[in-house]
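Report on the structure given below.
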């Protein structure tokens, strides 16, 4: 009550924080303390399980149902096309292609921010120990391509998985590998 909150005529409500910068700082500290108490971290974006859940809830995400009834989550039309290709053309089953396990998330250093992050490829073929990334190669700006290069470098450096990136629904290299 010491500090006033400004009225926002566009939103027709008062601002969330008062005009004193200390109010916002104190609120952030309270949020971080509660997050740490409840989730064990002050940033859920650093948790691969939470990241996978967020991806599954995106507007472009969906569930693909294999012929045997098993459902798999995909994010976007390119991933859906890949799953359909695997089932209809290569005659794969639901046990052949699965979402990349979050417990195998790959850590890498983001060279732009100097922050350690993790990367979860789109799919995994357990029998080939193959991590698969699906991309639309034409729509992403240079910084996104640079970040993807950092992720790819981390996978190769880790030398724990086979890795392939499928761009623009071109399955030629994938077919050669299979």
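Residue numbers (my numbering): 1487 to 1664.
Just so you know, even glycine gets a beta-carbon here, dropped at the ideal spot from N, CA and C.
query, result
"Using the three-state DSSP reduction, which class does residue 1602 fall into: helix, strand or coil?", "strand"
"When the distance is taken between beta carbons, is residue 1561 closer than 9 Å to residue 1547?", "yes"
"Decide yes or no for the touch test of the region 1608-1625 against the region 1642-1653: beta carbon pairs closer than 8 Å, at least 3 of them.", "yes"
"Can you tell which of 1511, 1579, 1608 and 1602 has its C-alpha closest to the C-alpha of residue 1551?", "1579"
"To which residues of the same chain is residue 1636 closer than 7 Å at the C-beta, ignoring the five residues directly before and after it?", "1594, 1596 and 1597"
"Take residue 1554 and list the residues in its own chain whose beta-carbon comes closer than 8 Å to its own, dropping the five residues that flank it on each side.", "1579 and 1580"
"State buried or exposed for residue 1584, treating a residue as buried only when at least 16 other CB atoms are found within 10 Å of its CB.", "exposed"
"Using a Cβ-Cβ cut-off of 7 Å (strictly less than) and excluding sequence neighbours within five positions of residue 1663, which residues of its own chain qualify?", "1650"
"Whole-angstrom Cβ separation of residue 1640 and residue 1605, contact assumed at under 8 Å?", "6 Å"
"Look at the alpha carbon of residue 1607 and the alpha carbon of residue 1549, and state the distance between them as a whole number of angstroms.", "17 Å"
"Considering only residues of the region 1506-1531, which uninterrupted alpha helix (DSSP H) runs meet the minimum length of 4 residues and lie entirely inside it, listed in chain order?", "1507-1525"
"Look at the alpha carbon of residue 1501 and the alpha carbon of residue 1542, and state the distance between them as a whole number of angstroms.", "32 Å"
"Along the chain, where does the beta strand (DSSP E) containing residue 1596 start, and where does it finish?", "1592-1596"
"Check the C-beta distance from residue 1515 over to residue 1505 and give it rounded, since I have them as a contact under 8 Å.", "18 Å between Cβ atoms; not a contact."
"Could you give the distance in angstroms between the alpha-carbon of residue 1591 and the alpha-carbon of residue 1509?", "37 Å"
"Straight-line CA distance for residue 1567 to residue 1529?", "33 Å"
"With distances taken Cα to Cα, identify the nearest neighbour of residue 1602 among 1489, 1523, 1498 and 1531.", "1531"
"CA-CA distance, residue 1563 and residue 1490?", "48 Å"
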